[in-house]
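Sequential numbering of the sequence shown, starting at 229, is according to the working numbering.
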Amino acid sequence: MESNEVLTDMEIEKYEAIIEAILFTMGDSVEVDKIANAIEHDVETTKKIIHNLMDKYENENRGVKIIELEDSFQMCTKNEMYEYLIKVAKQPKHQVLTEVLLETLSIIAYKQPITRIEIEKIRGVKCDHAISKLIEYNLITDVGRMDAPGRPLLFGTTEDFLRKFGVKSVDELPEIADELVEDFKHEAEEEVQLTLDI
């Protein structure tokens with residue numbers, strides 16, 4: 229279908245229902261081109277239909293919403309419903325992001341794809357534990373290997389990272405000043421010194 233074709237209200241409602249069923253059933257995020265293929269329309273029209281559906285969820289008193297993650301969409305629970313969910317489910321394990329984890333995550337988010345050695349050069353300390361924890365929390369993942377001797381793993385952020393930090397893509401992250409990266413390094417050096425002094 230051409231993107232400038234005008235759809236009737238009945239057609240829009242039909243496609244919204246199909247998209248709603250897809251997102252509800254899949255649970256995870258679904259690429260927009262797959263949704264477009266399912267409803268047999270182009271990506272631009274599909275995005276318009278989804279954005280229209282997103283507006284409906286936001287404007288009505290619903291417990292769920294649709295979020296956009298780069299070129300994918302996902303149905304999820306609205307944040308304000310969380311307190312009711314924990315009454316019928318076990319409280320999820322609390323993920324604590326320490327300063328060390330946040331610093332490591334920030335470096336990966338802004339410099340990705342990046343190797344462990346490159347992260348350690350910036351922080352000035354070993355990052356094995358921090359990387360393991362961030363992988364456990366599903367905030368980062370390995371995204372391939374560098375074409376270099378030893379073929380070291382490259383790390384990048386996940387869709388969970390985008391969801392938890394409320395951004396559609398890493399392009400929406402605020403700019404970080406070079407001096408802040410230097411601050412990370414100095415803090416890490418102090419952290420090592422403190423450990424040695426103990």
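The beta-carbon is built from N, C-alpha and C at its ideal position, and this holds for glycine as well.
Here the segment 284-296 makes no contact with the segment 325-334; the two share fewer than three CB pairs at distances below 8 Å. The segment 302-315 makes no contact with the segment 349-363: fewer than 3 CB pairs, one atom from each, lie closer than 8 Å. Counting only the Cα atoms, Ile250 lies some 10 Å from Asp256. With a cutoff of 8 Å on beta-carbon distance, Pro380 and Arg344 are scored as near each other.
Counting along the chain, Leu235 sits inside no alpha helix (DSSP H), nor does DSSP assign it H or E at all. C-alpha of Met238 to C-alpha of Tyr310: approximately 34 Å in a straight line. The C-alpha of Phe383 is placed about 14 Å away from the C-alpha of Asp375. About 20 Å separates the Cβ atoms of Glu308 and Leu281, ruling out a contact at the 8 Å cut-off. DSSP, reduced to helix, strand and coil, places Thr326 outside both helices and strands of the structure shown, so it counts as coil.
Membership of Ile368 in any alpha helix (DSSP H) is not indicated; the residue belongs instead to the beta strand (DSSP E) covering 368-373.
The C-beta of Ser300 has 16 or more other C-beta atoms within 10 Å across all chains shown, which makes the residue buried.
Distances from the CA of Asp261 to each of Phe252, Thr253, Glu272 were compared; the closest alpha carbon is that of Glu272.
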